[in-house]
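Asks: Per full-length UniProt numbering, the very first residue in the sequence shown carries number 1; after that it's consecutive.
Don't be surprised by glycine CBs; every beta carbon is placed ideally from N, CA and C.
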Amino acid sequence: MNTTISNNGLPLLPQAPGNQANGAAAGSNNAATDAPASVPGKDDSVRLTDSARALQDAARVDGQSAIDTKRVEKIRQAIADGSYQVNPAAIADKMIALDAQIAGPAKP
């Protein structure tokens with residue numbers, strides 16, 4: 001299976017000699033080089049890993065965005081009026097817990 005990557009309108013970078021795709025001169029301003037080399041076939045597919053599916057599911061909350069816009073606005077207002085208070089001990093505890101989670105179980 002061949003995969004074609006479009007340049008999305010970005011300028012093409014010059015390629016090393018002997019490494020030019022499809023025999024076209026790299027870096028030329030020819031309209032043909034801006035077009036994809038081939039059209040994706042019907043057999044192209046994308047498969048998500050279980051981790052990717054879990055991340056997608058975690059981002060959804062009952063079909064809604066995972067961002068609580070009311071809470072964000074409340075915090076934004078508290079910051080603006082100077083009433084927002086930071087709890088450094090709670091932040092430190094969560095950072096330590098995250099570090100322990102990333103490190104995994106302690107080895108004997």
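1) Are the CB atoms of Y84 and A78 within a distance shorter than 8 Å?
2) Can you check whether the C-beta of Q85 is within less than 8 Å of a C-beta belonging to chain C?
3) Where do the ends of the alpha helix (DSSP H) carrying A52 lie?
4) Hey, could you find the ends of the alpha helix (DSSP H) R71 is sitting in?
5) Can you say whether Q20 is buried or exposed, counting buried as having 16 or more other CB atoms within 10 angstroms of its CB?
6) Pick from K74, T49 and G104: whose alpha carbon is nearest that of G82?
Replies: Answer, in terms of the structure:
1) yes
2) Going by chain labels, chain C is absent from the structure shown, which holds only one protein chain.
3) D50 to A59
4) T69 to D81
5) Here Q20 scores only 49 on pLDDT, less than 50, and its place in the model should not be relied on; the value that follows carries that caveat. The residue in question, Q20, is exposed, as its Cβ has fewer than 16 Cβ neighbours within 10 Å.
6) K74
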